[in-house]
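In order, the protein sequences belong to chains A, B, C and D.
Our numbering puts the first sequence at residues -16 to 334.
Our numbering puts the second sequence at residues -16 to 334.
Our numbering puts the third sequence at residues -16 to 334.
Our numbering puts the fourth sequence at residues -16 to 334.
Report on one structure; see the data block that follows.
There are 4 protein chains.
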Amino acid sequence: MLKVGVIGCGYWGPNLIRNFYKQPDVELAVVADVDASRLGFVHDNYPTVATVTDGMEIIGDPAIDAVVIATPVAAHFSLALKALQAGKHVFVEKPLATSVVECDRLIEEAAARGLVLYTDHVFVHTGAVRKIKQLIDEGAIGDPYYYDSARINLGLFQRDVNVIWDLAVHDLSILDYIMPQRPKAVSATLHQHVPGAQPNMAAITLFYETSFVAHITVNWMSPVKVRRTLIGGSRQMIVYDDIEPSQKVMVYEKGVDLFNPGSGDEDIRISYRAGDVWGPKLEGREALDRSAAHFIDCIRTGAQPITDGHSGREVVRMMEGAMVSARMDGQRIELDRVGSGVGRTGIRRSA
Amino acid sequence: MLKVGVIGCGYWGPNLIRNFYKQPDVELAVVADVDASRLGFVHDNYPTVATVTDGMEIIGDPAIDAVVIATPVAAHFSLALKALQAGKHVFVEKPLATSVVECDRLIEEAAARGLVLYTDHVFVHTGAVRKIKQLIDEGAIGDPYYYDSARINLGLFQRDVNVIWDLAVHDLSILDYIMPQRPKAVSATLHQHVPGAQPNMAAITLFYETSFVAHITVNWMSPVKVRRTLIGGSRQMIVYDDIEPSQKVMVYEKGVDLFNPGSGDEDIRISYRAGDVWGPKLEGREALDRSAAHFIDCIRTGAQPITDGHSGREVVRMMEGAMVSARMDGQRIELDRVGSGVGRTGIRRSA
Amino acid sequence: MLKVGVIGCGYWGPNLIRNFYKQPDVELAVVADVDASRLGFVHDNYPTVATVTDGMEIIGDPAIDAVVIATPVAAHFSLALKALQAGKHVFVEKPLATSVVECDRLIEEAAARGLVLYTDHVFVHTGAVRKIKQLIDEGAIGDPYYYDSARINLGLFQRDVNVIWDLAVHDLSILDYIMPQRPKAVSATLHQHVPGAQPNMAAITLFYETSFVAHITVNWMSPVKVRRTLIGGSRQMIVYDDIEPSQKVMVYEKGVDLFNPGSGDEDIRISYRAGDVWGPKLEGREALDRSAAHFIDCIRTGAQPITDGHSGREVVRMMEGAMVSARMDGQRIELDRVGSGVGRTGIRRSA
Amino acid sequence: MLKVGVIGCGYWGPNLIRNFYKQPDVELAVVADVDASRLGFVHDNYPTVATVTDGMEIIGDPAIDAVVIATPVAAHFSLALKALQAGKHVFVEKPLATSVVECDRLIEEAAARGLVLYTDHVFVHTGAVRKIKQLIDEGAIGDPYYYDSARINLGLFQRDVNVIWDLAVHDLSILDYIMPQRPKAVSATLHQHVPGAQPNMAAITLFYETSFVAHITVNWMSPVKVRRTLIGGSRQMIVYDDIEPSQKVMVYEKGVDLFNPGSGDEDIRISYRAGDVWGPKLEGREALDRSAAHFIDCIRTGAQPITDGHSGREVVRMMEGAMVSARMDGQRIELDRVGSGVGRTGIRRSA
């Protein structure tokens, strides 16, 4: 029986508690939150689970095998580091930390101690994203051309992080999972419309070695909710609409063929292909259940998580690079230069 | 009776012919196209209209009062200039020319001769865009926050211009019409997925003096057609969906209010407003009919067109700046520096 | 402190328990279900609430003031009657009973004892339906022309009742609430596609004294979920789409005007009006919370519930009439003839 | 070279003219319309085509091989009969005539003379309906369960026929084409909301020998346009949305399976299947072009049209039965009893 403790019972904590509670051969032993009023939820719904207001009690408890961290982002690093140093496996809500330097320190600590460091990139465990990865891996879309995503809605303004760290993080983690290559550079813009609040609108372009490109727009100030990702390829194209209740992934047999029978550009002929449309059945299992189970399984078997510390670091690196670019209104930033120092990554730390 | 000649009878020419043909007290006298096979359309449908294969015949005809230019973009400048020099009023399909320098030359010539130089930014004459301008002018949306537009579909790849000059031009002309201020700078990326074909995907961000920002994505390689523009403001927000058959403009009483009862950022409280939604009735008149009528009216009354040479120049300036930025993968380009020399604007000229 | 007991903890029971639990100055004292395994849910989530397997224990408990009945439909009547005879106020899940005769008996018993008999027509308490009633009452749509509703999806096949009693009941209860007049007659068809299962598809037409007509289609075997109701009137028309997450009610300034300047039908001229579209903001309160509160309020104040026994009887009368018509493949049945005897209403009683 | 004349150049006539004009080895020789102002359209667009105001001139012209009739419905029969008697092949706009008796007379005359009698059920020639027929024929949907169609919008009120003859005729012709069996009986209701205008709303249920059922709602007074047909089967289900611009036909691997391991109804277990969704590519050819070509081909080869007189008669029989049922507010009418006499079919004849 593996014993797990959860630190943080805010917006997302209850979902983590519910899913770890039901993992077989796992005991969710204790939940911590600095706000004692949040712990009533645990008392009422999970009377067998202990509660504390200081997360360090969990980290210091020798009976605990693994710690789940669901606090505000600024606290991820210090809690995760202490938990690793105390010999615990660690599951951290996305994003893993606030900078590449922090991520590197966590990766190093986990490796040195042989512990699992897990980033909860939860979208990676949805049936939709898993199917998309499968389609790309099988070559169904051909050469990938682009990933173009809009993730916009009204609110919820975060207090500690801007819209890139809140919303774009999902697209970046999906990209890191589905694409065999990683980006070389980034261009981003970031905009604040409500004085005193976090920047609420951003556009990010990621450049790769090939002509593949990723473009992401995020916005907390949209009158309508949109969660639509287009993935273009040379053979087929995918529309992933996460709001659609029944068919989130549709595959289009569409594309362009180019003929150049002559010698010059003038002779180029383009023809358009449009065939069937297909909506594959997706696994219905809750993503967070699968994510929790994967973390537990990696602890037991020693397997490397698909969303390990390196994956968490890569996503943070893209965001850190995007923040640098945004401060220069879109200037291209080479990602291999990101992470050598402590960046100003836009995370607001409490006093 | 005003006599009009049309040069160019390709994709868009028939629409121009149809609409100029029906203007009251206007005689559509002659149509030119280098491809004689295109002129059969004129013979069959407008037997009273003469046809020629050389547009210079129209420009050289003293009986013609006004010339409508609907050729490939690269020919706009020289034909428009010659027509102005021959004393004709000129109506040019968007974009006005391939560079700011060209636009300046046309504006100068028209002004010196007291002739109307008209850019056919046709979306400006739609009921939807006119209503949006009215809502902004009346203060219905409050302070404008952003314009965010997606204009994507499969094809039609243009041979002579890339996707910015083909699709983004619409958004830029709408912006120039509806916004009281003009942008200061631009960041853009441009991507080519089909070797030998024109670049097919772009993202453009326009920076303004205020926190208002415009973001535009265009793509010829999307499996689905999207024409959706969001316009955010402090009081209300607009969704303009040009594909929606019945209600293209919807106005949302949505927004965010910020309270800061205390002294620090920690005390900020955000509340969300969501009230009624409203879809105003739009004028149904065909945009091109209104555009043609406006051109004719300006000739008759001496009024300045709402889409005059300066408006055409401004749109070209944004695109020329976007091209410069795109060649540097998104670097911010100050728009007041654009236009001092002949840029490489991505327009392909035939051999 | 009013003491309430709930009989039945199946599909809908947990929602009733949650909402009665939170009513102010109400004690949800006890829940009954014949299936003891269902009671674990109560233990886990509401440890202060007692549980029993025999609903008669609740009815026989003198400390209980009101009984909520959420059992299979066939048991509604006998439980509700016994509860009334034991002096309890009664809240019955829709439909109130299986026949008009049963409804009359319950109404009579409640009236004789001065008790509240409440039918939980829960849609009546939604923000959408309340707004629609307000619009009709205010004359916003003019003379009502029709109510046309499609309520279809895949499953959930009920074991004890057919699709009319499961899905059409919602439309009939909405109609009874929003329309000032009640129907005179009904024509219905009912179809069974899965041998051994309940009939899964039906169409119902209700005739009124005026030219107003209601038409309802319901289906458990549709590949897509649709919950769309059109309400036409002489001045405006309403589309109520209960699946739409954000704007469930849209009001269209659309209609037809008729001119007859001459004397005969030949001279009739029809013109079409199409103006603005408007989506009023709707109350967000959960319908079942409002319904539970209304029941409690009626007990305290002696007010007549808007969904009282008569309303419950009217809905059952329409369904009983529809069943008679359906057995004759659509023959018109006068509703004032329904209810004089025990009908074969298609409710399956357990052995 | 086959010579064709068209009688009637109203709403639909121009489409017929355009499509017959382009058929190879066919000469569209002459168009007739009693309203001479309609003939200007022909002069302007088809200067080689002669025009007359009296359709009898076409019927009496020995050089004409085939006559296309696109007049108001009430005139179909007499014109078609005269054209057949004059030895012409006849193409009649839907519906073929106003009663079964009329249809029988036309069928008899055509058979006696060996002429083609063609009913223009144009939807039968769309890529969508052809694909649906193919799917049913191949057994892709399994046993057909139902056809459920909504065909509603605002206007266009017809002057001579009610909404059944204007809109439901499309569904009835599609049913006659795609289903291997023909209906036994009909129940219908018909409603008039605008005094002096034709009845504008109807619901029709068609009963078959099997449990298959067809249900159709039509309405000229809907605020929104809907053209959605659901076709349920034991294996798969089809959604045919004729408004959808890109994917009109979607096939759902959805259904219900029933297990009855025990002996009684109590033991029935229902399970739900939901697999992939698939949108087959549809032929893009214009339906009316295909229809015109099919008529011409049948004249040349002697083949029986798929929409011959019998098909036209069957659709009229369903509508005539529906009218009888509607006058009795939905009473079931056996279709084999329809057509023995001249019915009151709701067609308004001019004075």
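Ideal Cβ placement from N, Cα and C applies to all residues, glycine included.
Return the first residue and the last residue of the alpha helix (DSSP H) that Leu64(B) is part of.
-> Counting along the chain, the alpha helix (DSSP H) containing Leu64(B) begins and ends at 59 to 68.
Alpha carbon of Ile187(D) to alpha carbon of Phe195(D), nearest angstrom | If you take the alpha carbons of Ile187(D) and Phe195(D), they lie about 14 Å apart.
Among Glu297(A), Val105(A), Lys167(A), which has the Cα closest to the Cα of Thr81(A)?
-> Taking Thr81(A) as reference, the option from Glu297(A), Val105(A), Lys167(A) with the minimal CA-CA separation is Glu297(A).
Have a look at Tyr(-6)(A) and Ile279(C) and give me their C-alpha separation to the nearest angstrom.
-> Rounded to whole angstroms, the separation of the alpha carbons of Ile279(C) and Tyr(-6)(A) is 33 Å.
Can you check DSSP and say which residues form a bridge with Lys237(B)?
-> BP columns for Lys237(B) point to Ala257(B).
Mind pulling the chain B residues with CB within less than 7 Å of Asn28(D)?
-> Correct list: Asn28.
Check Ser132(B) in the structure and name its three-state DSSP category.
-> Ser132(B) falls in the strand class under three-state DSSP.
Whole-angstrom distance between Leu265(D) and Val325(D), CA atom to CA atom = Only weak support is given to the placement of Val325(D): the predicted model assigns it a pLDDT of 44, under 50, and the question is left unresolved by the model.
Top-ranked residue by Cα proximity to Glu85(C), from Glu40(C), Ser61(C), Gly179(C), Leu189(C) | Among Glu40(C), Ser61(C), Gly179(C), Leu189(C), the Cα nearest to that of Glu85(C) belongs to Ser61(C).
Using beta-carbon positions only, say whether His198(B) and Asp131(B) come within less than 8 Å of one another.
-> Yes.
How many whole angstroms separate the CB atoms of Asp143(D) and Val56(D), which I take to be in contact at a CB cut-off of 8 Å?
-> In this structure Asp143(D) touches Val56(D) by the C-beta definition: roughly 6 Å separates them, less than 8 Å.
Cutoff 8 Å: Ala123(C) Cβ touching any chain B Cβ | With 8 Å as the cut-off, Ala123(C) does not count as an interface residue toward chain B.
Shorter than 8 Å from the beta carbon of Ser82(D) to some beta carbon of chain C?
-> Not a single C-beta of chain C is nearer than 8 Å to the C-beta of Ser82(D).
Please determine if the stretch 222 to 238 of chain A and the stretch 221 to 230 of chain B are in contact, where contact requires at least 3 C-beta pairs separated by less than 8 Å.
-> Contact annotation: the stretch 222 to 238 of chain A does not touch the stretch 221 to 230 of chain B, with fewer than three C-beta pairs closer than 8 Å.
Pro206(C) versus Arg210(A): straight-line alpha-carbon distance, rounded | Linking Pro206(C) to Arg210(A) through their CA atoms gives a straight-line distance of about 24 Å.
Sort out for me which residues DSSP pairs Thr200(B) with in a bridge.
-> Thr200(B) pairs with Ala133(B), Ala186(B).
Helix, strand or coil: which one does DSSP assign to Gly216(C)?
-> Shown here, Gly216(C) sits in a strand according to DSSP, grouped into three states.
Residues near Thr212(C) in its chain [Cβ-Cβ closer than 6 Å; skip 5 each side] | Cβ within range, chain order: Ser132, Tyr223.
6 Å CB neighbourhood of Ile135(D) in its chain, flanking five on each side removed | Result list for Ile135(D): Asn202, Ser205, Val209, in chain order.
Give the DSSP-derived three-state secondary structure of Asp224(A) in the structure shown.
-> Reduced to three states, the DSSP call for Asp224(A) is strand.
Near-chain A residues of the stretch 305 to 322 of chain B (beta-carbon distance less than 8 Å), N- to C-terminal order | Going along the stretch 305 to 322 of chain B in chain order, one finds Ser308, Met311, Asp312, Gly313, Gln314, Arg315 with a Cβ nearer than 8 Å to chain A.
Where Lys231(D) and Ile251(B) are concerned, what is the direct C-alpha to C-alpha distance, given to the nearest angstrom?
-> Whole-angstrom Cα-Cα distance: 50 Å.
Give every residue of the same chain whose Cβ lies closer than 6 Å to the Cβ of Tyr101(A), excluding the five residues on either side of it in the sequence, and list them in chain order.
-> For Tyr101(A), where only same-chain residues beyond five positions count, the Cβ hits under 6 Å are Phe74, Phe278, Pro288.
Span separating the alpha-carbon of Ala286(B) from that of Leu137(A) = The straight-line gap from Cα to Cα measures roughly 43 Å.
Between the Cα of Gly70(D) and those of Ala46(D), Arg315(D), Tyr128(D), Ile161(D), spot the shortest distance and give me the residue it belongs to.
-> Per the Cα distances, Ala46(D).
Just the Cα atoms here: how many angstroms apart are Glu76(C) and Arg300(A)?
-> Between the C-alpha atoms of Glu76(C) and Arg300(A) there is a straight-line separation of about 56 Å.
Please check if any C-beta of chain C sits within less than 8 Å of the C-beta of Gly(-7)(D).
-> Proximity of Gly(-7)(D) to chain C, defined by a Cβ-Cβ separation below 8 Å, is not satisfied.
Could you tell me how far apart the beta carbons of Val25(A) and Val17(A) are, in whole angstroms, since I believe they sit closer than 8 Å?
-> With a Cβ gap of about 14 Å, Val25(A) and Val17(A) do not count as contacting.
When DSSP builds the beta bridges, which residues end up paired with Tyr160(C)?
-> When DSSP reads this structure, Tyr160(C) sits in no beta bridge, so it has no partner.
Output the distance between the C-alpha atoms of Ala93(C) and Asp103(C), rounded to the nearest integer angstrom.
-> Inter-residue distance for Ala93(C) and Asp103(C) is about 16 Å (C-alpha atoms, whole angstroms).
Can the beta-carbon of Gly258(D) be found less than 8 Å from the beta-carbon of Tyr128(D)?
-> A distance of 8 Å or more separates the beta carbons of Gly258(D) and Tyr128(D).
Residues of the stretch -5 to 6 of chain C with Cβ closer than 9 Å to any Cβ of chain D, in chain order | Against chain D - using a Cβ distance shorter than 9 Å - the stretch -5 to 6 of chain C contributes no residues.
Report the three-state DSSP secondary structure of Val144(B) (helix, strand or coil).
-> Correct three-state label for Val144(B): coil.
Give the residues from the stretch 257 to 285 of chain C that approach chain B closer than 8 Å (Cβ to any Cβ), ordered along the chain.
-> Within the stretch 257 to 285 of chain C, the qualifying residues are Ala257, Gly258, Asp259, Val260, Trp261, Gly262, Pro263, Lys264.
Given that Phe140(B) touches chain A, what residues does it touch there, using C-beta distances under 8 Å?
-> Within 8 Å Cβ-Cβ: Val239, Ile253.
Please name the residue in Arg165(B), Pro178(B), Val146(B), Thr193(B) whose C-alpha comes closest to that of Met184(B).
-> Out of Arg165(B), Pro178(B), Val146(B), Thr193(B), Val146(B) has the C-alpha closest to the C-alpha of Met184(B).
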